[in-house]
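> Below is a structure I'd like to ask you about.
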Amino acid sequence: MKTERLLIIGATSAIATAVARRYASRQARLFLVARSETALAGLADDLRVRGAAGVMTAVLDANETAGHAKVLDAAFAAYDGLDVALLAFGVLPDQSACETSVEAAVASFDTNARSVIALLTPMANRFQQQGSGTIAVISSPAADRGRASNYVYGAAKAAVSTFASGLRQRLMPSGVRVLTLSPGFVDTPMTAAIEKGGPLWSTPDRVAIDIDKALARGFGTIYMPWFWRWIMLMIRSIPERLFARMKL
Amino acid sequence: MRAALSTWGRLSRRDHWIVPLRDRHTARARIAASPLPAIPYGNGRSYGDEALNDGGTVWLTRGLDRFIGFDVETGLLHCEAGVTLEEIIAVALPHGWFLPVTPGTQFATLGGAVANDVHGKNHHSHGTLGEHVRALTLLRSDGSAMACGPAQNADWFRATVGGMGLTGLISDVVLQLRRVAGPWIRSTIETFGSLTGFFELSSERSDAFEYSVAWIDCMGKRDVRGVFLCGDHDDSAAPQPKAAVRSAHFLPPLRWVTPAATRAFNALYFRRSASRAGPSLQSYRSFFYPLDGVLEWNRLYGRAGFYQYQCVVPQSGQREAVAELLKAVAASGTGSFLSVLKTFGTRPALGLLSFPMPGTTLALDFANEGASTRRLFERLDAITAAAGGRLYAAKDAAMTPQLFRLGYPRLDEFTRFRDPGISSEMSRRLLGS
């Protein structure tokens, strides 16, 4: 039996780890990329025990674009092609710090948008050449409309979403699917500083179920859980004059 | 982060300072940097105040959820301590391995199970979980780490197994699993109509079966009646059907477990079991974890929460003591929804504070009715103490320090292994600090 081949960049993030575990339990072969060697090694052991048929790792800081090509080469060579590539890294910048510090605003934009675009470009060409596969990138409902509380993060995710939308059109004829994953509030280390609770909050495990389904047969932009599509539809349809006066 | 926490009995819900641990490597530094005192908190399956620390810090261990290694030839499993028993089964069973000992829920973390030295329906043949632990890492609040096991720092190991989290935080565990052919249990159901009937069945079946336990109806008008369940792992490797999981999550927070409901349920359960008497093949889920099939069943006791009272009384005089305990319950008129009787094996306990001893254990559930529930516990405590028995810390929220001291004669030995930075509501109640 041929098992799925999955590349995850940002593999040690809570959501990516939960997705990787689902694949591992189906004996998939995984190529994991993250910044911390220790965390990567720990995750690799975990996935092997959970059933992964193959686990390979590469250390990469996505902001170092010079290192991208080598890692992508290794990932495509590891299992002789890839079925799925998931881009799951990102940072949630402190919005108020970004308002006073150009460095903070630009640095988070670099990680959340520039690095993603830098990776998607060569990755798209390789998948196009392969003529099959799925590229999935984690964006956010925050991309749908800039809000005072997190527009620096939202703007970077908007860049990613728009880029992915264009890529989707471009790769459609090549048989390559491009997915924009848009999870709402998820209780992860990234959101540790935010007050939690209430029906809008989800967990990495629950979001991973949705991502798993999306990777198998989803199309376009997928909100997770599903209700975010309708929440964001409402938020997008508020007239700008009114929206500008709102506190959201 | 500040957040309200409660445990399985839902008796209180107070603010704690929450320190989530993410993996065994970074845990040491996070522990050392935490405001003290603190207590480890796993998946919140202990019933009482063992994992609570009102206003203080809890270290959430659920993030320590990585498997580290699993030798499918020998069944030796190494994983972080926040992994749940359910996750271990999911990994082990496809390779023909199972937990050597399991409590009545698979949602407990491994660390919590070791810290309570849990037992199961096979205590008489396999002892407690601690006997199958080959090694563990203990993180202390001063930032140090210590490897413990039966052959290494064995004194610390005996203090930590069953040590209620008070000797340090268990970050990872090496566990010896046991071989099974598949997910099936060959079980036999028999009914009995008196306590004598229970003790007869128990002594006859213990040698013949690996697992045995009894459910009793202590709300009947006459003598107690009950259902004796025993079983063995079956040789069939056929995969089990997917389990249907229900949840009490969406029920209004009312008290559904009233005395009338309890009486009706017990009568129904007895009749249903009697009609199914005899041998059958059960999946491990329905055999070991029938209550896990109803998520959040603890909500059925309403806002005030509930107590579980689990005691063990020593072999000599066990019949009289159990009879007296059940009489006291019947006299109180409250009754218990799920009452469980089990005869323990005779092997000596591993931990300094391990609960099992040669004798019979009785577990009872009581809705929290305040003073009247406490009064009932005073009567039950007196009977347990007179019989030379003890209460199970994993279930407890009401024991007195006197009864704790009486029941656990090795308490003084244990005290010197305590981590000075660790304290819980339970430790302050029972040990004064």
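These protein sequence lines are chains A and B, in that order.
Here the first sequence is numbered in the working numbering, starting from 41 and rising by one per residue.
Here the second sequence is numbered in the working numbering, starting from -17 and rising by one per residue.
We put the beta carbon where it would ideally sit given N, CA and C, even for glycine.
Bear in mind that the values here come from a model prediction, so they are computed numbers and not experimental data.
1) Rank A:R88, A:S172 and A:S155 by C-alpha distance to the C-alpha of L122 of chain A and give the top, closest one.
2) Below 8 Å on the Cβ atoms is my contact criterion, and I expect Q134 of chain B with L58 of chain B to pass it. Report the Cβ-Cβ distance as a whole number of Å.
3) When you measure from the CB of P296 of chain B to every non-hydrogen atom of the ligand HEM, does any distance come out below 8 Å?
4) If I measure Cβ to Cβ from T105 of chain A and keep anything under 6 Å in the same chain, skipping five residues before and after, which residues do I get?
5) So which of B:R285, B:D137, B:D205 and B:T87 has the shortest CA-CA distance to L233 of chain B?
6) Could you please tell me which residues of the segment 22 to 37 of chain B, in chain order, have their CB closer than 9 Å to any CB of chain A?
7) At what residues does the beta strand (DSSP E) containing P22 of chain B begin and finish?
8) Give the residues from the segment 206 to 222 of chain A that approach chain B closer than 9 Å (Cβ to any Cβ), ordered along the chain.
9) How do the segment 76 to 85 of chain B and the segment 97 to 113 of chain B stand: do at least 3 beta-carbon pairs fall below 8 Å, yes or no?
10) What in chain B is Cβ-close to P229 of chain A, meaning under 7 Å?
11) List the DSSP bridge partners of M128 of chain B.
12) Among B:A312, B:A20 and B:G78, whose alpha-carbon lies nearest the alpha-carbon of T56 of chain B?
13) Are A125 of chain A and L47 of chain A closer than 9 Å when you measure CB to CB?
14) By Cβ distance, which residues of its chain are closer than 8 Å to S176 of chain B, with the 5 residues on each side in sequence left out?
15) Would you kindly work out how many angstroms separate the C-alpha atoms of R187 of chain A and P223 of chain A, rounded to a whole number?
16) What is the DSSP secondary structure of M96 of chain A, reduced to helix, strand or coil?
17) Less than 8 Å between the CB atoms is what I'm expecting for N103 of chain A and T151 of chain A, so what's the real figure, rounded?
18) Determine the DSSP secondary structure at F89 of chain B, reduced to helix, strand or coil.
19) Taking 8 Å as the threshold, find out whether the segment 86 to 96 of chain A comes into contact with the segment 63 to 70 of chain A through three or more Cβ pairs.
20) By the three-class DSSP mapping on this structure, what secondary structure does A284 of chain A have?
21) Please classify A232 of chain A as buried or exposed, where buried requires at least 16 neighbouring CB atoms within 10 angstroms.
22) For S268 of chain B, which of helix, strand or coil comes out of DSSP?
23) Among B:A190, B:N98, B:L75 and B:D137, which one has its Cα closest to the Cα of R160 of chain B?
24) Locate the beta strand (DSSP E) running through Y193 of chain B, then write down its first and last residues.
25) Quick one: give me the first and last residue of the beta strand (DSSP E) that R207 of chain B is part of.
26) Looking only at its own chain, which residues have a Cβ that is under 7 Å from the Cβ of Q168 of chain A, when we skip the five neighbours before and after it?
27) Select from B:A313, B:D137 and B:F89 the residue whose C-alpha is nearest the C-alpha of L334 of chain B.
28) Could you compute how far the alpha carbon of A375 of chain B sits from the alpha carbon of G147 of chain B?
29) Which residues in the same chain have their Cβ closer than 6 Å to the Cβ of H108 of chain B, if we skip the five residues on either side of it in sequence?
30) Going by alpha carbons, who is nearest to I0 of chain B out of B:F174, B:W(-10), B:L(-7) and B:D36?
31) What's the call for Q209 of chain A, buried or exposed, on a 16-neighbour Cβ count within 10 Å?
32) Return the residues of the segment 194 to 228 of chain B that lie within a Cβ-Cβ distance of less than 8 Å from chain A, sorted by chain order.
33) Relative to the C-alpha of F52 of chain B, which residue among B:L308, B:E69 and B:L346 is closest?
34) State the Cα-Cα distance for the pair I404 of chain B and G93 of chain B, rounded to the nearest angstrom.
35) With 7 Å as the limit, tell me which residues of the segment 41 to 55 of chain B have their beta carbon closer than that to any beta carbon of chain A; keep them in chain order.
36) My output table needs one value for Q168 of chain A: the three-state DSSP class, helix, strand or coil.
Well, looking at it:
1) Here residue 122 of chain A refers to the residue found at position 82 of the first sequence. Here the closest residue by C-alpha is A:S172.
2) Counting from 1 along the second sequence, the entry for residue 134 of chain B is found at position 152. Counting from 1 along the second sequence, the entry for residue 58 of chain B is found at position 76. At roughly 16 Å, the Cβ-Cβ gap does not stay under 8 Å, so Q134 of chain B and L58 of chain B are not in contact.
3) With respect to the ligand HEM, the structure shown offers nothing to examine, as it has no ligands at all.
4) For this step, residue 105 of chain A is matched to residue 65 along the first sequence. For T105 of chain A, where only same-chain residues beyond five positions count, the Cβ hits under 6 Å are A158.
5) As a first step, residue 233 of chain B is located in the second sequence; it is residue number 251 there, counting from the start. Checking every option, the nearest Cα to that of L233 of chain B belongs to B:R285.
6) none
7) Locating residue 22 of chain B in the second sequence gives position 40, where the first residue counts as 1. That run of the beta strand (DSSP E) goes A20 to Y23.
8) none
9) yes
10) Within the first sequence, numbered from 1, the residue matching residue 229 of chain A stands at position 189. Residues of chain B passing the Cβ test: R4.
11) What you label residue 128 of chain B is simply residue 146 of the second sequence in a count that begins at 1. B:L120, per the DSSP bridge assignment.
12) Against the second sequence, residue 56 of chain B aligns to sequence position 74. It is B:G78 whose Cα lies nearest to the Cα of T56 of chain B.
13) As a working note, residue 125 of chain A is residue 85 in the first sequence. As a working note, residue 47 of chain A is residue 7 in the first sequence. Yes.
14) Within the second sequence, numbered from 1, the residue matching residue 176 of chain B stands at position 194. Closer than 8 Å at Cβ, skipping near neighbours: D205, V206 and R207.
15) As a position in the first sequence, residue 187 of chain A is number 147, starting the count at 1. As a position in the first sequence, residue 223 of chain A is number 183, starting the count at 1. Their Cα atoms are separated by approximately 17 Å.
16) By 1-based counting over the first sequence, the position of residue 96 of chain A is 56. Here M96 of chain A sits in strand by DSSP.
17) As a first step, residue 103 of chain A must be located in the first sequence, where it is residue number 63. As a first step, residue 151 of chain A must be located in the first sequence, where it is residue number 111. Right, their Cβ atoms sit about 6 Å apart.
18) Numbered from 1 along the second sequence, position 107 holds the residue referred to as residue 89 of chain B. It is coil, neither helix nor strand.
19) yes
20) For the purposes of this step, residue 284 of chain A is taken as residue 244 along the first sequence, with counting starting at 1. Three-state DSSP puts A284 of chain A in coil, outside helix and strand.
21) Start at 1 with the first residue of the first sequence, and residue 232 of chain A comes out as number 192. Classification for A232 of chain A: exposed.
22) As a working mapping, residue 268 of chain B is identified with position 286 in the second sequence. S268 of chain B: helix per DSSP, three-state reduction.
23) Residue numbering aside, residue 160 of chain B sits at position 178 when the second sequence is read from its first letter. Nearest option by C-alpha distance: B:L75.
24) Locating residue 193 of chain B in the second sequence gives position 211, counting from the first residue. That run of the beta strand (DSSP E) goes Y193 to D199.
25) Sequence index remark: in the second sequence, residue 207 of chain B carries index 225 (1-based). Unbroken beta strand (DSSP E) run through R207 of chain B: R207 to H215.
26) For the purposes of this step, residue 168 of chain A is taken as residue 128 along the first sequence, with counting starting at 1. Here the set comprises L211, S214 and V216.
27) Translated into positions along the second sequence, residue 334 of chain B becomes position 352. Out of B:A313, B:D137 and B:F89, B:D137 has the C-alpha closest to the C-alpha of L334 of chain B.
28) Within the second sequence, the letter at position 393 stands for residue 375 of chain B. Within the second sequence, the letter at position 165 stands for residue 147 of chain B. So the two alpha carbons sit approximately 11 Å from each other.
29) As a first step, residue 108 of chain B must be located in the second sequence, where it is residue number 126. Here the set comprises P82 and V83.
30) Here the question's residue 0 of chain B lines up with position 18 in the second sequence. The candidate whose alpha carbon is nearest that of I0 of chain B is B:D36.
31) Translated into positions along the first sequence, residue 209 of chain A becomes position 169. Exposed, by the Cβ-count rule.
32) none
33) Looking up residue 52 of chain B in the second sequence gives position 70. Closest option to F52 of chain B, Cα to Cα, is B:E69.
34) Working through the second sequence from its first residue, we reach residue 404 of chain B at position 422. Working through the second sequence from its first residue, we reach residue 93 of chain B at position 111. Between I404 of chain B and G93 of chain B, the C-alpha separation is close to 16 Å.
35) R48, F49, I50, G51 and F52
36) Translated into the one-based positions of the first sequence, residue 168 of chain A becomes position 128. Looking at Q168 of chain A - three-state DSSP - the assignment turns out to be helix.
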